[in-house]
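Just so you know, the sequences run in chain order D and B.
First residue of the first sequence: 1, per UniProt numbering; consecutive thereafter.
First residue of the second sequence: 1, per UniProt numbering; consecutive thereafter.
This report refers to the structure that appears directly beneath it.
There are 2 protein chains.
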Amino acid sequence: MSEETTKQRILRVAGELFAAKGYAATGVAELCEAANIGKGALYHHIKSKEDLLYQISKRHVEEPLEVAEALIDMELPADEKLRRLSRYQMKTIADHLPEITVYFRDGHHLDGEYRTKLEGLRARWERVWAVVLRQGVDQGIFRSADPISVKGLLGIFNYSWVWLDPDGLLPHEEIADQLADIALWGQLVNTRDRAVPASKATSPAPVALSLSP
Amino acid sequence: MSEETTKQRILRVAGELFAAKGYAATGVAELCEAANIGKGALYHHIKSKEDLLYQISKRHVEEPLEVAEALIDMELPADEKLRRLSRYQMKTIADHLPEITVYFRDGHHLDGEYRTKLEGLRARWERVWAVVLRQGVDQGIFRSADPISVKGLLGIFNYSWVWLDPDGLLPHEEIADQLADIALWGQLVNTRDRAVPASKATSPAPVALSLSP
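Next up, the structure:
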């Protein structure tokens with residue numbers, strides 16, 4: 001078994017344990033037993049328990065983040081970008097629920113440099129959303145790119161680590177599309193027949209229409 | 001100092017400690033010191049650390065939940081009910097952020113009867129949203145009351161324990177209204193000029209219009 005494989009096993013087993021019991025409640029001895037590795041060998045692969053928490057938290061976040069960041073410069077209408085972000089995000093959460101649970105729930109146990117790095121990852125995700133919303137506003141198809149809109153929309157997707165069942169009947173692609181519909185369309189039907197609140201009224205922008213698929 | 005006041009102090013201090021350090025990482029000795037109380041006296045007020053976690057988690061959830069449940073039978077259009085739910089939820093989170101943090105983040109440490117009770121509270125919140133969405137669909141003003149819509153919309157508000165700053169410049173009432181706008185209107189402007197996805201097309205319902213404010 002190669003060294004890389006051992007490290008991957010440590011990360012997977014630790015991710016599952018942290019997700020099930022919580023980071024603080026998981027002891028190193030318990031982790032060694034679950035990963036079938038001695039304490040000395042464990043510390044050959046990781047610097048500390050905190051380092052392990054950081055490795056697990058960032059493990060499945062960096063890659064989709066790079067994919068998401070690449071979306072920014074693509075020639076696509078912002079609503080299509082939002083739909084793709086939804087797909088990336090829900091696939092990540094569905095495929096790596098234990099690690100994503102640790103990322104969202106246990107990240108507060110990180111201090112110093114690790115904390116700064118984790119917050120950097122979160123800020124990069126948020127920035128992608130903020131930029132795509134801003135592009136949508138500039139295209140005349142989105143209402144707002146203010147920070148509350150960014151946080152509110154992120155919540156639709158990020159909160160799913162609490163309820164998503166990766167083995168459930170509904171494929172994560174379909175869940176992603178339904179959540180994107182909520183983000184794009186909201187709950188109201190027949191908005192043409194309803195008064196638009198003053199803060200939401202925006203004049204039509206031809207650019208937007210030409211960009212629409 | 002009355003017994004009730006001592007218990008309230010224990011709950012407040014423990015809520016702050018658990019929110020800052022996490023439930024599992026907070027020791028009873030540390031808690032006694034922070035609350036300025038002996039261990040014997042502490043256990044006069046609480047049954048166990050787990051009992052304390054449960055008390056903190058439910059403390060500021062039950063009351064707004066009862067207010068929210070009372071909304072169900074009111075003669076109001078569903079969009080107004082959604083706006084009020086947003087106000088209740090954001091006020092609760094803003095006023096009691098430490099306890100709400102513990103409720104959302106550390107609830108998984110509860111077992112047995114405590115776990116069942118906490119999940120009961122979560123189910124009741126979710127039921128209020130599901131019923132209000134269903135009422136909106138029946139009134140012809142909402143698109144969907146399916147479980148994904150319920151979870152997606154809840155995420156807009158529930159995820160705010162991660163980012164809300166109760167001492168921030170924006171009052172929680174205003175944040176609540178902006179988040180409600182996201183839930184109701186979504187990000188798209190000029191929906192009259194955009195194709196409605198097949199799954200979202202709904203014919204106008206006169207009932208809805210007469211109910212609109």
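The beta-carbon is built from N, C-alpha and C at its ideal position, and this holds for glycine as well.
Where residue i falls: helix, strand or coil (DSSP)
i      : result
D:L118 : helix
B:L188 : strand
B:K200 : Its pLDDT being 46, under 50, B:K200 is placed unreliably in this model, and the value from its coordinates should be taken loosely. DSSP places B:K200 in helix when its eight states are reduced to three.
B:S212 : Any reading at B:S212 must be qualified, since the residue scores a pLDDT of 32, below 50, and its modelled position is unreliable; the value itself is stated next. Reduced to three states, the DSSP call for B:S212 is coil.
B:G168 : coil
B:H60  : coil
B:K49  : helix
For residue j and residue i, the rounded distance between their alpha carbons
i      : j      : result
B:F142 : B:S149 : 11 angstroms
B:L153 : D:L53  : 30 angstroms
B:M74  : B:E80  : 11 angstroms
D:K49  : B:V67  : 44 angstroms
D:E126 : B:Q187 : 16 angstroms
D:V46  : D:G38  : In the sequence on display, residue 46 of chain D carries Ile and not Val. Rounded to whole angstroms, D:I46 to D:G38 spans 12 angstroms at the Cα level.
D:T101 : B:H109 : 14 angstroms
B:G22  : B:L179 : 28 angstroms
B:R59  : D:G140 : 45 angstroms
B:I156 : B:A183 : 7 angstroms
B:A123 : D:W163 : 12 angstroms
D:A78  : D:L31  : 44 angstroms
B:K91  : B:D138 : 28 angstroms
D:V189 : B:W185 : 9 angstroms
B:E33  : D:R12  : 38 angstroms
B:V128 : D:A29  : 44 angstroms
D:R87  : D:I72  : 15 angstroms
D:K151 : B:T26  : 30 angstroms
B:E173 : B:W161 : 15 angstroms
D:D51  : B:A130 : 41 angstroms
B:D167 : D:R84  : 35 angstroms
D:A14  : D:G112 : 21 angstroms
B:P171 : B:L82  : 19 angstroms
B:P213 : B:G136 : Low local confidence applies: a pLDDT of 31 at B:P213 is under 50, so the model's placement there is unreliable, with the coordinate-based value given in what follows. Each residue's Cα considered, the two are about 14 angstroms apart.
B:A24  : D:G120 : 26 angstroms
D:N36  : D:Y43  : 13 angstroms
B:T6   : B:F18  : 18 angstroms
D:I56  : D:T116 : 15 angstroms
D:G40  : D:D95  : 31 angstroms
B:D181 : B:E69  : 21 angstroms
D:S203 : D:R134 : Legend: pLDDT at D:S203 = 38, less than 50; position of this residue unreliable, value from coordinates given subsequently. D:S203 and D:R134: Cα-Cα distance of roughly 16 angstroms.
D:E99  : B:L76  : 43 angstroms
B:Y103 : B:L65  : 14 angstroms
D:D177 : D:Q89  : 11 angstroms
D:V132 : B:I10  : 46 angstroms
B:V61  : D:V61  : 32 angstroms
D:E16  : B:D165 : 31 angstroms
Burial state of residue i (16 or more Cβ within 10 Å)
i                      : result
B:I93                  : buried
D:N158                 : buried
D:P147                 : exposed
D:A20                  : exposed
B:D106                 : buried
D:E63                  : exposed
B:I175                 : buried
B:Q8                   : exposed
B:A145                 : buried
residue 214 of chain B : Residue 214 of chain B cannot be examined here, being either before or after the span of chain B that is shown, 1 to 213.
B:L118                 : buried
D:L169                 : exposed
Test: residue i CB closer than 8 angstroms to a CB of chain C
i      : result
B:I100 : Looking for chain C here will not work: the only protein chains present are D and B.
- request: Name, going along the chain, the residues of the region 56-82 of chain B whose beta-carbon falls closer than 9 angstroms to a beta-carbon of chain D.
  value: A78, D79, L82
Contact set between the region 165-193 of chain B and chain D, restricted to residues whose Cβ is under 7 angstroms from the partner: I175, Q178, L179, D181, I182, A183, L184, W185, G186, Q187, L188, V189, N190, T191, R192, D193
query: Closer than 7 angstroms, Cβ to any Cβ of chain D: which residues of the UniProt domain "HTH tetR-type" (4-64) of chain B, in chain order?
result: G22, A24, A25
task: Please specify which runs of the alpha helix (DSSP H), each continuous and at least 4 residues long, are wholly inside the region 69-99 of chain B, giving them in chain order.
output: 78-95
task: Using a Cβ-Cβ cut-off of less than 8 angstroms, list which residues of the region 115-141 of chain B approach chain D; keep chain order.
output: L133, G136, G140, I141
field: Residues of the region 152-163 of chain D whose Cβ lies closer than 9 angstroms to any Cβ of chain B, in chain order
entry: Answer in chain order: G152, L153, L154, G155, I156, F157, N158, Y159, S160, V162, W163.
message: So within the region 8-37 of chain D, which uninterrupted alpha helix (DSSP H) runs reach at least 4 residues, ignoring any that extend past its ends?
response: 28-35
- prompt: Which whole runs of the alpha helix (DSSP H) in the region 106-164 of chain D are 4 residues long or more, in chain order?
  reply: 112-138, 147-158, 160-163
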